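Undergrad: This structure is in structure tokens; I'll ask about it shortly.
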Ligand code: KIV
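Numbering (my numbering), first residue to last: 24 to 281.
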């Protein structure tokens with residue numbers, strides 16, 4: 024699997040911050056590719072696009088369909104696809120499904136959420152020449168209720184060990200989701216691979232957000248989301264004007280007609 028792009032990402036650690044966003048379609052990937060180092064087809068598409076309450080019922084085929092679209096919009100970013108829940112529940116399934124994702128989408132890497140036990144699964148993929156991104160802290164596939172982590176000594180130790188084991192298993196980077204600033208700092212200093220934070224402070228080597236959230240499209244604005252544009256407002260204005268023009272007869276005009 025493509026290693027050159029992955030090594031470039033690892034080499035950014037301690038030099039330059041890594042910029043990551045999600046995309047679920049070709050059109051979005053095409054717009055953000057220029058500004059990103061990594062584009063993730065996250066299984067957050069279950070909540071954001073499909074209106075599910077969580078990511079648990081996102082299927083492998085959904086991920087592949089959206090990743091196929093995204094692949095058409097990416098020129099330079101490292102292209103990562105989330106493995107959905109139950110697609111990596113044992114080594115055999117993980118290898119079969121990761122290979123299916125890679126063969127059908129031509130992605131550079133897959134992402135796996137840690138459940139504190141699946142290190143051998145990550146390692147088996149890495150040994151099969153598959154690039155893997157880990158994910159610890161709040162892992163929506165394995166946890167029912169949202170909770171930021173890393174505030175007690177016990178949680179700190181658990182997260183530190185988990186991150187170390189994922190690095191040892193061969194992952195090229197690791198997402199820290201809603202991990203306390205202190206523990207994010209400790210993990211980032213302790214690992215050789217880059218940490219990518221979401222709700223985990225600027226102490227991480229890079230940052231990721233769900234694109235729809237930062238563009239003001241999703242209506243989901245927890246503390247860790249910074250809304251850079253209010254696209255909802257802009258779209259509403261455009262659609263309101265479209266309606267007004269149709270009703271008043273201003274659209275279609277001569278220039279829109281044959
Ligand atoms: O599914 C997703 O979009 C993610 C990111 C939030 C890291 O896992």
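Glycine included, each C-beta is placed from N, C-alpha and C at the ideal position.
Bear in mind the structure is a predicted one, so any value in this text is a computation, not a measurement.
Residue 79 by DSSP, collapsed to three states: which one?
TA: Here residue 79 sits in coil by DSSP.
Undergrad: Closer than 8 Å, CB to CB, is residue 234 near chain C or not?
TA: Among the protein chains of the structure shown there is no chain C, as only one such chain exists.
Undergrad: Pick out whichever of 150, 247, 281 has its Cα sitting closest to the Cα of residue 170.
TA: 247
Undergrad: Return the residue from the list 209, 113, 122 that minimises the CA-CA distance to residue 140.
TA: 113
Undergrad: When the Cβ atoms of the region 196 to 207 are set against those of the region 144 to 158, are three or more pairs found closer than 8 Å?
TA: yes
Undergrad: Note down the Cα distance separating residue 226 from residue 209, rounded to an integer number of angstroms.
TA: C-alpha separation (whole angstroms): 9 Å.
Undergrad: Measure the Cβ-Cβ separation of residue 178 and residue 216 and say whether it is below 8 Å.
TA: no
Undergrad: Given a cut-off of 8 Å on the beta-carbon distance, is the pair residue 62 and residue 93 in contact?
TA: With respect to residue 93, residue 62 sits close: the two C-beta atoms are nearer than 8 Å.
Undergrad: Tell me the residue span of the alpha helix (DSSP H) that contains residue 132.
TA: Residue 132 -> not in any alpha helix (DSSP H); beta strand (DSSP E) instead, spanning 132 to 134.
Undergrad: Restricting to runs no shorter than 3 residues, where is the beta strand (DSSP E) found entirely within the region 129 to 188?
TA: You should have 132 to 134, 155 to 160.
Undergrad: Evaluate contact between the region 27 to 36 and the region 45 to 53, counting only Cβ atoms and requiring at least three cross-stretch pairs below 8 Å.
TA: no
Undergrad: Suppose contacts are defined by Cβ-Cβ distances below 8 Å. Is residue 185 in contact with residue 219 by that definition?
TA: no
Undergrad: Using C-beta distances below 7 Å, list every residue in its chain close to residue 59, excluding the 5 sequence neighbours before and after it, in chain order.
TA: 42, 43, 44, 100
Undergrad: Once DSSP output is grouped into helix, strand and coil, what is the label at residue 219?
TA: strand
Undergrad: Taking C-beta to C-beta, are residue 142 and residue 188 nearer than 8 Å?
TA: Closer than 8 Å, so yes.
Undergrad: Suppose you measure from the CA of residue 242 to the CA of residue 91; what does that come to, to the nearest Å?
TA: 26 Å
Undergrad: Report the partner residues of residue 235 according to the DSSP bridge assignment.
TA: Per DSSP, none; premise fails for residue 235.
Undergrad: Consult DSSP for residue 103 and reduce its assignment to one of helix, strand or coil.
TA: strand
Undergrad: Residue 224 and residue 200: beta carbons closer than 8 Å?
TA: no
Undergrad: Helix, strand or coil for residue 6 per DSSP?
TA: Because the chain spans 24 through 281 in this model, residue 6 falls outside it and cannot be assessed.
Undergrad: Would you identify the three-state DSSP class for residue 229, choosing helix, strand or coil?
TA: strand
Undergrad: Taking the C-alpha atoms as reference points, what is the distance between residue 172 and residue 203?
TA: 6 Å
Undergrad: Just curious, the alpha helix (DSSP H) that residue 71 is in, first and last residue?
TA: Residue 71 -> alpha helix (DSSP H) spans 68 to 71.
Undergrad: Quick check: does the Cβ of residue 45 come within less than 7 Å of any heavy atom belonging to the ligand KIV?
TA: yes
Undergrad: Under the criterion of a Cβ to heavy atom distance below 7 Å, does residue 66 qualify as lining the ligand KIV?
TA: yes
Undergrad: Could you tell me the alpha carbon to alpha carbon distance between residue 109 and residue 253, rounded to whole angstroms?
TA: 35 Å
Undergrad: Identify whether residue 214 lies in helix, strand or coil by the three-state DSSP scheme.
TA: If DSSP states are grouped into helix, strand and coil, residue 214 belongs with coil.
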